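FYI, the numbering for the sequence shown is 811 to 891, going by the working numbering.
Glycine is no exception: its CB is placed at the ideal position from the N, C-alpha and C atoms.
Since the structure is predicted, the reported quantities are computational estimates derived from the model, not experimental observations.
Here's the structure, in structure tokens; my notes come after.
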Amino acid sequence: MRNTVPEAWYLVILIVSVVVLPFIVGLLTMKIYRHFRPFERNGQDSIGLADLTENRDGFFKLFFVGLLICLPVFLFFYQAG
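Following this line, the structure appears as structure tokens:
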């Protein structure tokens, strides 16, 4: 760690913040959203539809929602720097 330049650590922090931070923000946003507006239950009880109606938010949906929320903040820091 002695020979590592600070710019390398800045790059690691930047990459982690651009990927992890929007995912966490999207996850929290969707959890709050699902608290007030949960998934609707299917009125039919069928084994054939059980696999098709699995309701949950995937990684890319959470990441995209978080990215939409975080992009103005990222843009502000980019223009300020």
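State the start and end residues of the unbroken alpha helix (DSSP H) segment that holds residue i.
{"i": "Arg844", "result": "816-846"}
{"i": "Phe849", "result": "Counting along the chain, Phe849 falls outside any alpha helix (DSSP H), and DSSP gives it neither H nor E."}
{"i": "Gly876", "result": "869-890"}
If we count the other Cβ atoms within 10 Å of its Cβ and call it buried at 16 or more, is residue i buried or exposed?
{"i": "Pro848", "result": "exposed"}
{"i": "Pro882", "result": "exposed"}
{"i": "Pro832", "result": "buried"}
Less than 8 angstroms between the CB atoms is what I'm expecting for residue i and residue j, so what's the real figure, rounded?
{"i": "Gly876", "j": "Ile834", "result": "7 angstroms"}
{"i": "Leu872", "j": "Gly836", "result": "4 angstroms"}
{"i": "Thr839", "j": "Ile879", "result": "6 angstroms"}
Indicate whether at least one CB of chain C lies closer than 8 angstroms to the CB of residue i.
{"i": "Val826", "result": "Structure shown: chain C not included; a single protein chain is present."}
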